[in-house]
Amino acid sequence: MGTWEEEFVGTVEITSSFWNSSGIAAYDSEANVVYTQTSCDSEYNPGAFSKIVYTEPTDDAFYYCTAAFGLKTLAEAQDSEATADPEDLEAGCGASGFPWSKVTR
4 MGTWEEEFVG TVEITSSFWN SSGIAAYDSE ANVVYTQTSC DSEYNPGAFS
54 KIVYTEPTDD AFYYCTAAFG LKTLAEAQDS EATADPEDLE AGCGASGFPW
104 SKVTR
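In short: position in the sequence shown from 1, add 3, done, that's our numbering.
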């Protein structure tokens, strides 16, 4: 938790209730997964759920991957088989092979 910086997004604020402007709907700390929901008045994907996979922080940095987004329900996000390979930070985020996002303090 806390305030982090990401190259493209800028400031990333993580609290026990929010990941930036999205609410945290559920999480699994053993699997390093957070499920978020955008606000219902959001310009993009209002009320939609996402599955975010993250690495453990080391040296004031960690990586995260939004493996699935735009899902209609929390259950759909939790059941998502979207891939996120923490062993491949350059191309292991999602089926399209996106890089993981690095955040630092």
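Even for Gly, the Cβ is constructed at its ideal location relative to N, Cα and C.
Does the distance from the C-beta atom of residue i to that of residue j stay below 8 Å?
i: G97; j: A78; result: no
i: A28; j: F65; result: no
i: P89; j: T61; result: no
From the DSSP output, read off the bridge partner residues of residue i.
i: G13; result: E9
i: F65; result: V106
i: F101; result: C96
i: L74; result: F52
i: A87; result: C96
Leaving aside the five residues before and after residue i along the sequence, list all residues of the same chain whose C-beta is less than 8 Å from its C-beta, in chain order.
i: I55; result: W22, V36, V37, Y38, T39, Y67, C68, T69, A70
i: A94; result: G100, F101, P102
i: R108; result: G5, T6, W7, E8, D63, A64
Apart from the five residues just before and just after residue i, which ones in its own chain have a Cβ nearer than 7 Å to its Cβ?
i: D82; result: none
i: T41; result: S25, N48, P49, G50, A51
Should residue i be labelled buried (16 or more other beta-carbon atoms within 10 Å of its own) or exposed?
i: F11; result: exposed
i: Y47; result: exposed
i: A14; result: Looking at the sequence shown, residue 14 is not Ala but Thr. Under this definition T14 is an exposed residue.
i: S45; result: exposed
i: A80; result: buried
i: S20; result: exposed
i: A2; result: Outside the modelled stretch of the chain, which goes from 4 to 108, sits residue 2, for which no answer is possible.
Kindly list the residues whose CB is nearer than 6 Å to the CB of residue i, restricted to its own chain and excluding five residues on each side of it in sequence; keep chain order.
i: S32; result: none
**Q.** Secondary structure, beta strand (DSSP E): runs of 3+ residues fully inside the stretch 15 to 63
**A.** Whole beta strand (DSSP E) segments, 3+ residues: 25 to 31, 36 to 40, 52 to 57.
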